[in-house]
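Using the UniProt record's numbering, the final residue of the sequence shown is 153, and nothing's skipped along the way. Think of the CB as a built atom: it goes at the ideal place given N, C-alpha and C, for glycine as much as any other residue.
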Amino acid sequence: FNPRSGLGAPSEDTFSIRSTRADFEFCGVLSKQTQDVTSRFFSMRRNIKKIYSEWRERFFVLRNGELHYWYSESDYRQSKPPATEEPIDLRGYHVLVDTSDFNWGFTLQPTTDDGRRVWFLRAPSEELRLEWARHFVIATMLAGSVRGSMAKM
């Protein structure tokens, strides 16, 4: 992985995480690359509105305050376009950690009621919950400050 070449293959530590978005549930493996403020994770997804839905693996990249995802790691490695045209912009989100949640959850919550989804995340341990909550706090703060300073120009 060359941080100057943009998005690349994961090469750092790997962790497990369980996460839920308002209408999807995710579960999988996380990895991080800190030199360019990039975090990557694999995730399984299923539509929780459907009782018999199957889990589907997805590959996510948290980079510069935006969350991108691909249908698979191989799509990502082959430089295929992300599954969504627009990344999930973390500007205007804040991170909530519920210490009474024994499933080690934390939430990415929009700061305004503008129709964006709430992301409910689960980590396999308290240590990883706090580590990933910190990554998302930093990403949301950087996203807000970078875009805020650009808007003033």
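Cα separation between residue i and residue j?
i                 : j              : result
leucine 130       : leucine 108    : 13 Å
aspartate 75      : aspartate 89   : 21 Å
leucine 142       : tryptophan 132 : 15 Å
phenylalanine 120 : threonine 112  : 17 Å
alanine 79        : leucine 128    : Looking at the sequence provided, one finds serine at residue 79 rather than alanine. The alpha-carbon atoms of serine 79 and leucine 128 are separated by roughly 29 Å.
aspartate 114     : glutamate 73   : 31 Å
Is it buried or exposed, residue i, if we count other Cβ atoms within 10 angstroms and call 16 or more buried?
i                 : result
phenylalanine 60  : buried
glycine 65        : buried
asparagine 140    : Note that residue 140 corresponds to threonine in the displayed sequence, not to asparagine. Looking at its Cβ environment, which holds 16 or more other Cβ atoms inside 10 Å, threonine 140 is buried.
phenylalanine 102 : exposed
lysine 32         : Below a pLDDT of 50, predicted positions are generally treated as unreliable, and lysine 32, at 38, falls in that range; the measurement from the model is reported next regardless. Flag for lysine 32 reads buried.
Is the separation between the beta-carbon of residue i and that of residue j shorter than 9 Å?
i           : j                 : result
glycine 144 : arginine 63       : no
valine 118  : phenylalanine 106 : no
tyrosine 93 : arginine 77       : no
Mind reading off the beta-carbon distance from residue i to residue j? Whole number of angstroms is fine, and I expect it under 8 Å.
i             : j          : result
tryptophan 70 : proline 82 : 6 Å
Considering only the alpha carbon of each residue, which of the options lies closest to residue i?
i            : options                      : result
serine 100   : Ser72, Asp75, Glu126         : Glu126
proline 110  : Thr84, Glu73, Leu128, Val137 : Val137
arginine 134 : Thr112, Val97, Asp113        : Val97
glutamate 85 : Ser72, Phe120, His68, Asp114 : His68
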